[in-house]
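For what it's worth, the UniProt record's numbering labels the leading residue of the first sequence as 1, then goes sequentially.
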Amino acid sequence: MLRLICQRTFQCANFAPHCKTNARISFSRCGYAAQAAAAAPLGQHPPVHAERPNSEFDSHAYAAMLQHCIRNGDSNSAMGLHCRILKKGGCLDLFALNILLNMYVKAGMLSNATTLFDEMSERNTISFVTLIQGFADSQLFVDAVELFRRLHREGHELNQFVFTTILKLLVRMGWAELAWTIHACIHKLAHGSNAFVGTALIDAYSVCSHVDVSRDVFDEIVCKDMVAWTGMVACYAENGCFEEALELFSQMRMIGFKPNNYTFTGVLKACVGLEALNEGKSVHGCVMKSCYEGDLYVGTALLDMYTKFGDVEEARQVFQEMPKNDVVPWSLMVSRCAQSDRCEEALDLFCQMRQAFVVPNQFTYASTLQACATMERLDFGKQIHCHVIKVGLDSDVFVSNALMGVYAKCGKLENSMDLFVESPNRNDVSWNTMIVGYVQLGDGEKALALFSNMLRCQVQATEVTYSSALRASASLAALEPGVQIHSITVKTIYDKDTVVGNSLIDMYAKCGSIKDARLVFDKLKQRDVVSWNAMISGYSMHGLGLEALKIFEMMQETNCKPNKLTFVGILSACSNAGLLDQGQAYFNSMVQNYDVEPCVEHYTCMVWLLGRSGHLDKAVKLIQEIPFEPSVMVWRALLGACVIHNDVELGRIAAQHVLEMDPQDDATHVLLSNIYATARRWDNVASVRKNMKRKGVKKEPGLSWIENQGTVHYFSVGDTSHPDMKLINGMLEWLKMRTLKAGHVPNYSAVLLDVEDDEKERFLWVHSERMEFALVVITGD
DNA sequence: CTAGGGTTAG
């Protein structure tokens, strides 16, 4: 066992900073006296020394004086005493020498401690443990382990102090797994029943998630004290055994132990894990009774709990009661505000904290920047960027990722890219931030390019990566890359992931493969509200309203609660499929049964549904009932309905509303012109066209495109530029004959120009989508 | 004379 530790020790010897070699002085030479004198200026010697300069002390008296100095943290006086002892020829016994050694350790003077240790004529376990502790406190783990090895080799007693010290050392070195080797030794020497040793073991096993072993150790402790109970509660809480943590907590209280601040932090963590608000509140009650509310850690745990449960008021109350000089509770508050749509409050807290002279850390900056990103406040973001550079935190990966997020969210992708390129330690989140940035900007191609670059650079993709790349494919309506990403995820653990699954459903739906979307949906192990919403709106956008409603019925059999977006999907499904009665029923039950307040999107769907079903009057009435200012979308929906039902007057009013809010909207101009055209009011058509020209509004030409064997073919109306135009025309001619034979009658009214019917017919046939379709038939794709 | 437990995160 020990050899194993030592081998590891030597392997990492070059990583440990070493101060032993620095100016090692010997206490047996006069050099020490000068150093001690320099360290202890005149008049600062301990009172005992000053009062009785000539008296003789025995070892015991020196020991007592040294202890006095340690208690007062007065290392200067202690060194003066040591100097005096040396002058008299060093008359200390082992007991006093150990105290002296502890003095140097506590004062952080490790080279002095080491020299003293080396020059002691005899040492015991206490000497070793004292110095091991010193090495451990100074992060000199290699020296600490080496000293432990020497203690064992030289045959000193292995007592409880040795075991607790070495176990804690292993945990701090990240070698908690080696606890079992020490445990074997402890078991042999029957120290396991000791509460100190047992608790150290529980802690070590807790770190490497051996909860059951921890529990066995706990059960073997003969006299369990408060710390042992607390350690076991913390072990359960940290390893996700929240019920067990609460159970043990109540057991210890029944036995009569009074929990302390450490116990409370552990048990509160368990309450958070269980999402048990009531238990948490009763623990909060105990905290107040035991007067631990002002404790930093207990307070932080309470803050964590209330902010996670969304109890903003209670969180504020706790925060009020807390000490305000530590950065952690401030950071926690800022971060929770930033994550819960209270971004102004986050910024406000950041300012308050600076006024209270609390120095922000990387967490504070990252959260504050997150708030800036959400609010798209580039000005604040830039200010904080300056702060961050000033305090040198711009190289922190959390902070630089958050900065990239701010610039990306504010549309400054170039700035994000600069930070990304310059970032000395970028990680997967940095890549994800850039990919998401491009997706949000609508540049799916750049997002996908970045994604493949990321894979090439062997950066570990996460569920966020895959879901963003899938979003990019969806936004491009590009099935091919979407399928490729799907097949990559199948090779990883992420194809079972809910977030990735949801993006797959959305991607397949938006790329036209609704069957594949359903396949992914059916295979999902864990469906959340997003999964249901994706499937519902998928069916809705494919015009499969009844399928969408079936999914909603399935959803109601689970305990997944529909949200705002669910009903946007449902209502648009109804309006796409013309399901008037169902739509109205769902709109009503949304408020009555599901506690979802109708928003603009819901009203838009309903206006469109009522309008397209011919109830233009009801649509207008609904618009009047909207408790807030109706958006452009609502008026566009009404306008669309007016176009269908040729209601020129209402259409004109609706278009007027749209153009008040969005004067450059080309689609509305065209729709208005179309209404007039349908009514054959060509003079009005002309005036709309003239108006468009005057305002510089241009109709974007409709484009259709299709990917065939790696090439994308684009078509616009009447376009003759395709190299296979002759073939396409031939195919169009053939299709025309076949459809006419099958009884198709061209809808000339769909062409809204004042031309003869045969010209209208030609327009209909060279429509971009038809040409695209013809090409598909030709190539047999 | 030596020793045991804890908070925040994109």
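Idealized CB from N, CA, C, for every residue including glycine.
Inset, instruction - Have a look at the DSSP bridge pairing and note the partners of H713. - result: I706
Inset, instruction - List in chain order: all unbroken alpha helix (DSSP H) runs of 4+ residues lying wholly within the stretch 550–616. - result: 564–577, 580–594, 600–612
Legend entry - Burial state of K269, where buried means 16 or more other Cβ atoms lie within 10 Å: buried
Legend entry - Nearest neighbour of Q526, chosen from A548, D495, D516, S540 [CA to CA]: D495
Inset, instruction - Give the single residue among G155, T125, F135 whose Cα lies nearest to the Cα of E146. - result: F135
Inset, instruction - Counting only runs of 4+ residues fully inside the stretch 502–551, write out the alpha helix (DSSP H) ranges in chain order. - result: 514–523, 529–541
Legend entry - Own chain residues within Cβ distance below 8 Å of C642, not counting five before or after: G611, L616, V648, L650, G651, A654, I675
Legend entry - Cβ distance (whole Å) where L546 is taken to contact A577 below 8 Å: 7 Å
Legend entry - Collapsed DSSP secondary structure at Y292 in the structure displayed: coil
Inset, instruction - Answer with buried or exposed for Y539, where buried requires no fewer than 16 other C-beta atoms within 10 angstroms of its C-beta. - result: buried
Inset, instruction - Would you identify the three-state DSSP class for S282, choosing helix, strand or coil? - result: helix
Inset, instruction - Give the range of the alpha helix (DSSP H) segment to which C83 is assigned. - result: 75–87
Legend entry - Expected contact under 8 Å - CB spacing of N261 and Y292 to nearest Å: 5 Å
Inset, instruction - Could you name the residues of the same chain whose beta carbon sits closer than 7 Å to that of C372, not counting the 5 residues immediately before and after it, in chain order? - result: So the list reads F380, G381, I384, V406, once near-sequence residues are dropped.
Inset, instruction - Could you check the C-alpha separation between N729 and T678 for me, to the nearest Å? - result: Roughly 29 Å separates the two Cα atoms.
Legend entry - I653, DSSP secondary structure in three states: helix
Legend entry - Cβ-Cβ distance between V327 and N361 below 7 Å: yes
Legend entry - First and last residue of the uninterrupted alpha helix (DSSP H) at E629: E629 -> no alpha helix (DSSP H), and no H or E assigned at all.
Inset, instruction - Measure the C-alpha to C-alpha separation of D497 and R471 and round it to an integer number of angstroms. - result: 15 Å
Legend entry - Coarse secondary structure for T492, derived from DSSP in three states: coil
Inset, instruction - Quick one: using the 10 Å Cβ neighbour count with 16 as the cut-off for buried, is D516 buried or exposed? - result: buried
Legend entry - Nearest-angstrom Cα separation, counted from K698 out to S475: 24 Å
Inset, instruction - Below 6 Å CB to CB, which residues in the same chain sit around A234 once its five sequence neighbours on both sides are set aside? - result: G266
Legend entry - Collapsed DSSP secondary structure at L246 in the structure displayed: Three-state result, L246: helix.
Inset, instruction - Within its chain, find whatever has a CB closer than 8 Å to the CB of Q67; leave out the 5 residues flanking it on each side and keep chain order. - result: Cβ neighbours of Q67 beyond the five flanking positions: I99.
Legend entry - C235 - containing alpha helix (DSSP H), residue span: 226–238
Legend entry - Simplified DSSP assignment, three categories, for G482: helix
Inset, instruction - Go through its chain and collect everything with a Cβ distance to I70's Cβ below 8 Å, but skip five positions before and after it. - result: The residues A78, I99, N102, M103, K106, in chain order, have a CB closer than 8 Å to that of I70 in the same chain once the five nearest residues on each side in sequence are set aside.
Legend entry - Presumed contact (8 Å Cβ cut-off) between S468 and A447, rounded CB distance: 7 Å
Inset, instruction - Tell me where the alpha helix (DSSP H) around A679 begins and ends. - result: Boundaries cannot be given for A679, as no alpha helix (DSSP H) includes it and DSSP labels it neither H nor E.
Legend entry - Runs of alpha helix (DSSP H) lying entirely within the stretch 124–195, each at least 4 residues, in chain order: 125–137, 141–153, 160–173, 179–188
Legend entry - Rounded separation between V529 and R636 - CA only: 29 Å
Inset, instruction - Report back the beta-carbon spacing between V334 and T374 to the nearest angstrom; my notes put them in contact at under 8 Å. - result: Contact flag wrong, Cβ pair sits at about 13 Å.
Legend entry - Cβ-based burial, D683 [other Cβ within 10 Å; buried from 16]: exposed
Legend entry - Coil, strand or helix - F117 by DSSP: helix
Inset, instruction - Return helix, strand or coil for P329, following the three-state DSSP convention. - result: Three-state DSSP puts P329 in a helix.
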